[in-house]
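Asker:
In this note's numbering, the protein residues as written are 22 to 433.
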């Protein structure tokens with residue numbers, strides 16, 4: 022199935038306005054597909070270990086950066102706020118995606134950690150990670166995690182409730198920590214607190230998403246079979262955004278309606294099979310616990326991809342790949358759902374996969390030597406043409422690749 026979707030995407034790339042740029046996006050999807058399929062034979066032990074490491078290492082590393090930001094700002098008398106929560110990101114919503122996708126795995130990391138110091142450390146990291154999510158101001162991430170927690174508690178009243186209870190305790194303590202460190206302590210020290218507090222009242226971005234969705238819908242209807250080409254939503258300037266903030270609509274617009282329909286059906290089927298794993302009596306205790314964590318993570322991903330760039334931001338793409346790979350691995354190995362693990366039935370499919378992998382690898386490698394890969398040079402040209410008009414550091418988040426904004430898209 023994945024091979025068929027990627028074959029359609031290859032044709033779509035070759036018929037796009039900028040085939041090379043389309044092939045770059047297609048190549049990323051090939052690599053993601055290979056990583057997801059490559060995990061299908063993981064043992065339950067390795068699935069749990071990988072999930073626990075993902076849920077411990079990513080939050081611990083990022084929280085360390087946030088703490089460093091906070092301490093330095095307090096010592097120097099700078100304001101604390103949204104920028105404090107940014108470690109290598111230019112937009113608070115970007116790390117929020119990473120936080121939302123990894124939060125379900127905190128429970129698995131806590132459960133597998135040895136008693137004492139290590140388990141207490143994971144608990145503290147979980148509280149800090151929740152504080153970061155609360156301070157991110159990302160409504161999509163908040164809603165995604167909320168739906169996932171409620172769903173897991175509803176599906177499994179025993180272990181599912183334990184999972185949700187753990188997350189709710191961490192969320193409550195994270196909220197308290199956020200209030201103390203970003204409101205109470207700055208007030209006592211005479212520092213300025215610059216936290217976004219109007220995310221629920223600010224509905225302008227909701228209206229913008231409706232406009233972006235309409236552009237994606239129009240493109241999908243105008244080019245139903247092959248779409249306009251991977252990454253090519255950003256080719257036609259619409260004045261609002263370079264991606265529609267909806268992964269499935271983006272697939273429909275760029276890859277065509279058949280690809281979007283099959284991909285969505287596959288994800289729904291995967292979710293259903295994980296839901297079967299967590300039902301009482303259908304799997305072992307460890308499988309059920311792992312299934313609850315992965316089902317929550319997959320739910321966060323499905324909800325998040327409806328209204329945000331979970332498959333656009335590179336860190337979120339990587340986190341999404343981890344989640345999909347572990348979900349496929351658990352679904353493929355669980356006896357209770359009667360799935361058979363099968364290798365490609367003939368040498369032809371193996372050769373086809375090898376050819377696609379080679380094309381994807383060469384395409385991504387060539388980016389280092391292409392003018393499109395020189396993002397700084399492209400930005401300099403854009404600024405010069407705009408007479409050095411002010412544009413804040415999120416310039417390449419907009420990512421326009423059409424000739425009006427990208428000099429490398431113009432005929433030489």
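Using N, Cα and C, we set each Cβ at its ideal position, and we do this for glycine too. Here the structure is a predicted model, which is why all the values come from computation and not from measurement.
Per DSSP, what kind of secondary structure is residue 60 in: helix, strand or coil?
Answerer: Taking the chain shown and counting its residues from 1, the one referred to as residue 60 is at position 39. Coil at residue 60, not helix or strand.
Asker: Can you list, in chain order, the residues of its chain with a C-beta nearer than 6 Å to that of residue 255? Leave out the 5 residues immediately preceding and following it.
Answerer: Locating residue 255 in the chain shown gives position 234, where the first residue counts as 1. Within the same chain, residue 255 has close Cβ partners 263, 420, 421 and 422.
Asker: Taking DSSP as the reference, what is the three-state secondary structure of residue 162?
Answerer: Taking the first residue of the chain shown as position 1, residue 162 is located at position 141. Helix, per DSSP.
Asker: Mind checking which residues open and close the alpha helix (DSSP H) that includes residue 400?
Answerer: Against the chain shown, residue 400 aligns to sequence position 379. Taken as a continuous stretch (DSSP letters only), the alpha helix (DSSP H) holding residue 400 covers 396-406.
Asker: Taking only three categories from DSSP, how would you classify residue 214?
Answerer: Sequence index remark: in the chain shown, residue 214 carries index 193 (1-based). In the structure shown, residue 214 sits in a strand (DSSP, three-state: E or B).
Asker: Excluding five sequence neighbours on each side, which residues of the same chain lie with their C-beta closer than 7 Å to the C-beta of residue 272?
Answerer: Indexing the chain shown from 1 puts residue 272 at position 251. So the list reads 280, 281 and 284, once near-sequence residues are dropped.
Asker: Using the Cβ count rule (16 or more neighbours within 10 Å means buried), how would you classify residue 266?
Answerer: As a working note, residue 266 is residue 245 in the chain shown. With 16 or more Cβ atoms within 10 Å of its Cβ, residue 266 is classed as buried.
Asker: Residues in the same chain with beta-carbon distance under 7 Å from residue 118, minus the five sequence neighbours each way, listed in chain order, please.
Answerer: Position 97 of the chain shown, counting from 1, holds the residue named residue 118. Excluding positions up to five away in sequence, the list reads 162, 325, 329, 331, 334 and 337.
Asker: In this structure, does DSSP put residue 349 in helix, strand or coil?
Answerer: Here residue 349 refers to the residue found at position 328 when the chain shown is read from its first residue. In this structure, residue 349 counts as helix in the three-state DSSP scheme.
Asker: When DSSP labels each residue in this structure, what does residue 101 get in the three-state scheme?
Answerer: Start at 1 with the first residue of the chain shown, and residue 101 comes out as number 80. Strand.
Asker: By DSSP, does residue 256 sit in helix, in strand, or in coil?
Answerer: Counted from its first residue, the chain shown places residue 256 at position 235. Coil.
Asker: Pull up the distance between the alpha-carbon of residue 259 and that of residue 107, whole angstroms please.
Answerer: In the chain shown, counting from the first residue as 1, residue 259 sits at position 238. In the chain shown, counting from the first residue as 1, residue 107 sits at position 86. Straight-line Cα distance between these residues: approximately 28 Å.
Asker: By Cβ distance, which residues of its chain are closer than 8 Å to residue 204, with the 5 residues on each side in sequence left out?
Answerer: Along the chain shown, one-based indexing puts residue 204 at 183. Correct list, in chain order: 214 and 216.
Asker: Where are the alpha helix (DSSP H) runs, 4 residues long or more, that stay fully inside the segment 278-321, in chain order?
Answerer: DSSP runs (the alpha helix (DSSP H)) wholly in the segment 278-321: 278-298.
Asker: Taking the Cβ atom as the reference point for each residue, do residue 102 and residue 152 lie within a distance shorter than 8 Å?
Answerer: Here residue 102 corresponds to residue number 81 of the chain shown, with the count starting at 1. Here residue 152 corresponds to residue number 131 of the chain shown, with the count starting at 1. No; because the gap between Cβ atoms is not below 8 Å, this pair is not in contact.
Asker: So, at 7 Å on beta carbons, what are the nonlocal neighbours of residue 148 in its own chain, with the 5 sequence-adjacent residues on each side left out?
Answerer: Locating residue 148 in the chain shown gives position 127, counting from the first residue. If we look at residue 148 and ignore the five residues flanking it on each side, its Cβ neighbours are 191, 194, 195 and 198.
Asker: Since I believe residue 292 is in contact with residue 319 (beta carbons under 8 Å), could you give me their beta-carbon distance rounded to a whole number of angstroms?
Answerer: Position 298 of the chain shown holds residue 319. Position 271 of the chain shown holds residue 292. Contact flag correct, Cβ pair sits at about 6 Å.
Asker: For residue 377, report the span of its alpha helix (DSSP H) as first-last.
Answerer: Position 356 of the chain shown, counted from the first residue, corresponds to residue 377. Where residue 377 is concerned, the enclosing alpha helix (DSSP H) stretches over 368-387.
Asker: In chain order, what residues of the same chain lie with their CB nearer than 8 Å to the CB of residue 25, ignoring the 5 residues before and after it?
Answerer: Here residue 25 refers to the residue found at position 4 when the chain shown is read from its first residue. So the list reads 283, once near-sequence residues are dropped.
Asker: Taking residue 317 as the reference, give the member of 61, 165, 372 and 228 with the closest Cα.
Answerer: Translated into positions along the chain shown, residue 317 becomes position 296. Residue 317 has its Cα closest to that of 165, out of 61, 165, 372 and 228.
Asker: Does the Cβ of residue 406 have 16 or more other Cβ atoms within 10 Å, making it buried, or fewer, making it exposed?
Answerer: For this step, residue 406 is matched to residue 385 along the chain shown. Exposed: under 16 other Cβ atoms inside 10 Å.
Asker: Would you kindly check if the distance between the Cβ of residue 116 and the Cβ of residue 169 is under 8 Å?
Answerer: The residue given as residue 169 occupies position 148 in the chain shown. The residue given as residue 116 occupies position 95 in the chain shown. No.
Asker: Sorted by chain position, which residues of the same chain lie with C-beta nearer than 6 Å to residue 229's C-beta, five sequence neighbours on each side aside?
Answerer: Residue mapping note: residue 229 aligns to position 208 of the chain shown, counting from 1. Taken in chain order, the residues that qualify are 261.
Asker: Beta-carbon within less than 6 Å of residue 53's beta-carbon, same chain only, minus the 5 sequence neighbours each way: which residues are those?
Answerer: Position 32 of the chain shown, counted from the start, is the residue given in the question as residue 53. Taken in chain order, the residues that qualify are 342.
Asker: Find the nearest neighbour of residue 132 within the set 73, 384 and 248, judged by alpha-carbon distance.
Answerer: Translated into the one-based positions of the chain shown, residue 132 becomes position 111. The shortest Cα separation from residue 132 among 73, 384 and 248 belongs to 73.
Asker: How would you label residue 184, buried or exposed, when you count the other beta carbons within 10 angstroms and need 16 or more for buried?
Answerer: Taking the chain shown and counting its residues from 1, the one referred to as residue 184 is at position 163. The residue is buried, with at least 16 neighbouring Cβ atoms inside 10 Å.
Asker: Is it buried or exposed for residue 188, if we count other Cβ within 10 angstroms and need 16 for buried?
Answerer: As a working note, residue 188 is residue 167 in the chain shown. Result: buried.
Asker: Given a threshold of 16 other Cβ atoms within 10 Å of its Cβ, counted over all protein chains shown, does residue 427 qualify as buried or as exposed?
Answerer: Position 406 of the chain shown, counted from the start, is the residue given in the question as residue 427. The residue in question, residue 427, is buried, as its Cβ has 16 or more Cβ neighbours within 10 Å.
Asker: With 16 other CB atoms within 10 Å as the buried threshold, where does residue 309 fall?
Answerer: Along the chain shown, read from residue 1 onward, the residue named residue 309 stands at position 288. Its Cβ being crowded by 16 or more others within 10 Å, residue 309 is buried.
Asker: Taking the continuous alpha helix (DSSP H) assigned at residue 262, which residues delimit it?
Answerer: The count along the chain shown starts at 1 and reaches residue 262 at position 241. First-last for residue 262: undefined, no H or E at that position.
Asker: Only counting the same chain, and skipping five residues up and downstream in sequence, which positions put a Cβ closer than 7 Å to that of residue 99?
Answerer: Residue numbering aside, residue 99 sits at position 78 when the chain shown is read from its first letter. Counting only Cβ-Cβ distances below 7 Å, and skipping sequence neighbours, we find nothing.
Asker: Let's test the definition: count the other Cβ atoms within 10 Å of the Cβ of residue 89 and tell me whether it reaches 16, buried, or not, exposed.
Answerer: Mapped onto the chain shown, residue 89 falls at position 68. Exposed.
Asker: What residue range is occupied by the uninterrupted alpha helix (DSSP H) comprising residue 142?
Answerer: Here residue 142 refers to the residue found at position 121 when the chain shown is read from its first residue. 138-157 is the extent of the alpha helix (DSSP H) around residue 142.
Asker: Label residue 383 either buried or exposed according to how many other C-beta atoms from any shown protein chain fall within 10 Å of its C-beta, with 16 as the threshold for buried.
Answerer: Here the question's residue 383 lines up with position 362 in the chain shown. It is exposed - the Cβ of residue 383 has fewer than 16 other Cβ atoms within 10 Å.
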